[in-house]
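Colleague:
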Amino acid sequence: MVGRQHRRLQPGRRRIRRWQGAGGAVAGVLVAAVAVVSLVILLPLSVSTRAAVRNITLVARDMAFYVEGGTVPNPTIRLAAGEEVRFVLRNLDPGITHNLAIEGWELETAYLDGDASATLRVHVPDQPGNQTYVCVPHRGMMRGVIEVVAGNRR
Ligand SMILES: [Cu+2]
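Numbering-wise (this note's numbering), the sequence shown opens with residue 149 and increments by one.
#1: Could you pull out every residue in the same chain whose Cβ sits closer than 7 Å to the Cβ of P276, ignoring the five residues on either side in sequence?
#2: Given that a residue counts as buried once 16 or more other Cβ atoms are within 10 Å of its Cβ, and exposed if not, what is H271?
#3: Just to confirm, does P285 get its C-beta within under 6 Å of one of the non-hydrogen atoms of ligand 1?
#4: In the DSSP assignment, what are the bridge partners of I294?
#5: Leaving out five residues on either side along the sequence, give the residues of the same chain with a beta carbon under 8 Å from the beta carbon of N278.
#6: Report all residues from its chain with a CB closer than 7 Å to the CB of E231; omit the five preceding and five following residues, and keep chain order.
#7: Could you check if A258 is buried or exposed, using at least 16 other CB atoms within 10 Å of its CB as the buried criterion?
#8: DSSP puts V270 in a beta bridge; with which residues?
#9: Hey, L268 and L248: beta-carbon distance below 7 Å or not?
#10: Tell me the rounded alpha-carbon separation between R291 and D274.
#11: Go ahead and pull the three-state DSSP assignment for N264.
#12: Going by C-alpha distance, which of G262, A266, T245 and D210 is nearest L255?
#13: Out of E216, E251, I244 and T280, which has the shortest C-alpha to C-alpha gap to D263?
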């Protein structure tokens, strides 16, 4: 009885040893190769996805536009020719309606109440040059320049 059980255990043990030896090394190399190949394939994908659309968050407060976290009212915004940009406008002026319009490109968000936000998807033209962005109801106070520069400079 005891002898039989002992014999039965032996082959299993040997199989495990072999797996941890040469077979284990081959498996390890394979796993590493698959990981490297996956990285090579996935890395450019994630990078290009991030580069495809750039988010620019603007806030409207005290009757001016600001880049989120910025202190310069109605800042000049530099965009690269041909790039994809998503403007996000948040209205932080309670009780005052604001929007964001780039009239030269015929783009305009809805009018926003305080605390609301909207997005404006922009395909920047390939030609460098300047545009004006405004808040339509307050175009006298809330207006700035969009600079379109060639290539990737921005
Ligand atoms: Cu406004």
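No residue lacks a Cβ here, since even glycine has one placed at the ideal position from N, Cα and C.
Modeller: In this structure, then:
#1: A229, V296, V297 and A298
#2: exposed
#3: yes
#4: I225 and Q279
#5: V293, I294, E295 and V296
#6: R202 and V272
#7: exposed
#8: V233
#9: yes
#10: 23 Å
#11: According to the sequence displayed, residue 264 carries Ala and not Asn. Three-state result, A264: coil.
#12: A266
#13: I244
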